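S.K.: Quick one: this structure, given as structure tokens, is what I'll be asking you about.
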Amino acid sequence: MAKRIDKKLAILNVLKEQTGPASSTEIVQMLADSGFEFSERTVRFYLAQLDSEGLTRPCGRKGRVITEAGLMELQTGQIMYRPGYLSARIDQMVYRMTFDLATRSGTVVVNASIVDPHQLASCLEKVCKVFEKGYGMGRLMALLGPGESVGQIRIPPERIGFCTVCSITINGVLLKHGIPMSCRFGGLLMLKDGRPFRFTDVIHYDGTTIDPLEVFIRSGMTDYHGAIRDGNGLIGASFREIPADSRQRLIHISQRLNEVGLGAIMEVGLPNQPLLEIPVPPGRAGVIVVGGLNPIAILEELQHRMTSRALAGLLEFDRLFDYREAAARLQAYL
1 MAKRIDKKLA ILNVLKEQTG PASSTEIVQM LADSGFEFSE RTVRFYLAQL DSEGLTRPCG
61 RKGRVITEAG LMELQTGQIM YRPGYLSARI DQMVYRMTFD LATRSGTVVV NASIVDPHQL
121 ASCLEKVCKV FEKGYGMGRL MALLGPGESV GQIRIPPERI GFCTVCSITI NGVLLKHGIP
181 MSCRFGGLLM LKDGRPFRFT DVIHYDGTTI DPLEVFIRSG MTDYHGAIRD GNGLIGASFR
241 EIPADSRQRL IHISQRLNEV GLGAIMEVGL PNQPLLEIPV PPGRAGVIVV GGLNPIAILE
301 ELQHRMTSRA LAGLLEFDRL FDYREAAARL QAYL
């Protein structure tokens with residue numbers, strides 16, 4: 001019974017992310033992208049049950065949409081139905097990205113936010129300031145117009161997609177260089193005079209289905225204004241670990257990433273030593289990585305509501321541009 005409930009919730013969760021109807025074939029693919037292996041026959045079986053329960057609604061050949069009752073079911077059924085889901089999603093995206101540091105080509109993992117272009121324009125100076133201060137994932141971003149998509153996110157009319165490189169891209173680059181990086185938790189990092197001081201709140205990756213930074217942004221717990229004003233604030237960051245023997249190589253690769261606009265590593269701990277008072281196991285070294293959603297998250301502090309998704313999908317590296325070009329490129333959508 002529990003497995004059946006999990007499968008229903010997985011299907012409802014996929015439909016919740018769509019802006020229109022989705023067919024059973026599309027649902028199977030989206031479930032696979034999220035780490036679930038369902039046959040199309042199985043999906044059709046559960047869709048029929050969801051229809052009879054009023055949780056989904058058929059839309060002819062176009063597929064199905066989730067109903068208000070379905071959204072309620074997700075809330076009451078507790079969407080955290082699969083602890084470890086986010087860790088699995090991270091591993092999947094790290095494996096699928098193709099970015100090559102030497103050739104500066106291939107796909108990178110991106111976050112995506114659906115925003116009103118006029119609201120973005122009014123806040124763009126502060127968004128760029130987050131990049132400038134080094135509190136974003138490097139200095140690259142992308143804009144998507146209405147009708148474009150990344151992963152399962154399609155940009156609706158009168159909105160644009162603001163994409164930043166997800167810091168999980170670092171894991172992918174390191175893996176291709178023989179360095180396995182594991183993610184322990186994401187959290188709010190307190191800054192003092194522009195330097196990491198300590199984590200105030202954390203969520204472990206293996207116990208959640210939602211990216212920790214998404215949670216903290218929606219909860220209004222960040223302080224990017226303070227961070228860009230005087231270096232004292234709360235920003236999103238994550239704590240990761242690497243084999244201690246790979247520390248020097250990591251530092252070298254980090255310098256190369258900085259050169260191509262993908263710098264995100266704030267601190268690298270000493271082997272077997274705590275980093276920001278966070279202990280690491282023997283044979284490991286801690287790493288503090290800045291959150292990719294940080295630049296756009298400042299809009300939430302200005303009461304501009306938006307939809308943001310970490311690990312939204314893969315995007316070709318050549319679609320990205322330097323944040324200093326954002327003002328000129330945004331004009332096309334105003």
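Counted the way the numbering used here counts, the sequence shown spans residues 1 to 334. Glycine residues also receive a C-beta, built at the ideal position from the N, C-alpha and C atoms. Just so it is clear, the structure is predicted and the values come from calculations on it, not from any experiment.
#1: Is it true that the CB of Met141 sits closer than 9 Å to the CB of Leu320?
#2: May I have the straight-line CA-CA distance separating Leu47 from Ile278, to the nearest angstrom?
#3: From the DSSP output, in three-state form, read off Ser335 for me.
#4: Am I right that Met136 and Thr164 are in contact with their C-beta atoms under 8 Å? What's the rounded C-beta distance?
#5: For Lys192, list the residues DSSP reports as bridge partners.
#6: Buried or exposed, going by whether 16 or more other CB atoms sit within 10 Å of the CB of Tyr95?
#7: Pick out whichever of Thr25, Glu301 and Ser39 has its Cα sitting closest to the Cα of Lys7.
#8: Locate the alpha helix (DSSP H) running through Asn258, then write down its first and last residues.
#9: Is there contact here, the region 314-332 with the region 183-200, by at least three beta-carbon pairs under 8 Å?
#10: Between Met80 and Thr208, what straight-line distance do the alpha-carbon atoms span, to the nearest angstrom?
#11: Using the three-state DSSP reduction, which class does Asp211 fall into: helix, strand or coil?
#12: Could you tell me which of Leu144, Gly134 and Ile168 sits nearest to Arg159, measuring between CA atoms?
#13: Helix, strand or coil for Glu300? Go by DSSP, reduced to three states.
#14: Please classify Leu55: is it buried, with 16 or more other beta-carbons within 10 angstroms of its beta-carbon, or exposed?
#15: Under the three-state reduction of DSSP, which class applies to Ile155: helix, strand or coil?
#16: Which residues in the same chain have their Cβ closer than 8 Å to the Cβ of Val280, if we skip the five residues on either side of it in sequence?
#17: Please state whether the Cβ-Cβ distance between Val290 and Ile265 is less than 9 Å.
#18: Suppose you measure from the CA of Met181 to the CA of Asn13; what does that come to, to the nearest Å?
#19: Grab me the residues of Leu15's own chain with a C-beta within less than 8 Å of its C-beta, minus the 5 sequence neighbours each way, in chain order.
#20: What does the Cβ neighbour count give for Asp211, buried or exposed, with the cut at 16 atoms within 10 Å?
#21: Ends of the alpha helix (DSSP H) at Arg41?
#22: Pick out whichever of Val130, Ile235 and Val108 has its Cα sitting closest to the Cα of Arg198.
#23: Roughly how many angstroms separate the alpha carbons of Ala312 and Gln248, rounded to a whole number?
#24: Between the beta-carbon of Ser308 and the beta-carbon of Ser113, is there less than 9 Å?
#25: Tell me which residue opens and which closes the beta strand (DSSP E) that Glu241 is part of.
#26: Roughly how many whole angstroms lie between the Cα atoms of Leu9 and Leu50?
#27: Opposite Ile203 in the DSSP bridges: which residues?
#28: When DSSP labels each residue in this structure, what does Met306 get in the three-state scheme?
#29: Leu330 and Ala32 - do their beta-carbons sit closer together than 9 Å?
#30: Quick check on DSSP: helix, strand or coil for Ile170?
#31: Output the boundary residues of the beta strand (DSSP E) element that contains Leu275.
#32: On the CB-based measure, 16 or more other CB atoms within 10 Å of its CB, does Gly60 come out buried or exposed?
M.R.: Working from what's here:
#1: yes
#2: 45 Å
#3: This structure cannot speak to residue 335, because the chain is shown only from 1 to 334.
#4: According to the sequence displayed, residue 136 carries Gly and not Met. 6 Å between Cβ atoms; contact.
#5: Arg195
#6: exposed
#7: Ser39
#8: Arg247 to Glu259
#9: no
#10: The pLDDT assigned to Met80 is 46, lower than 50, so where the model puts this residue is not dependable; a value taken from the coordinates is nonetheless given after this. Approximately 6 Å, taken between the alpha carbons.
#11: coil
#12: Leu144
#13: helix
#14: buried
#15: coil
#16: Glu241, Gly269, Asn272, Gln273, Pro274 and Gly286
#17: yes
#18: 29 Å
#19: Ala22, Ile27, Thr56, Arg64, Val65, Ile66 and Gly70
#20: buried
#21: Glu40 to Ser52
#22: Ile235
#23: 31 Å
#24: yes
#25: Gly233 to Pro243
#26: 10 Å
#27: Gly186
#28: coil
#29: no
#30: helix
#31: It is not in any beta strand (DSSP E) - Leu275 carries neither H nor E in the DSSP assignment.
#32: exposed
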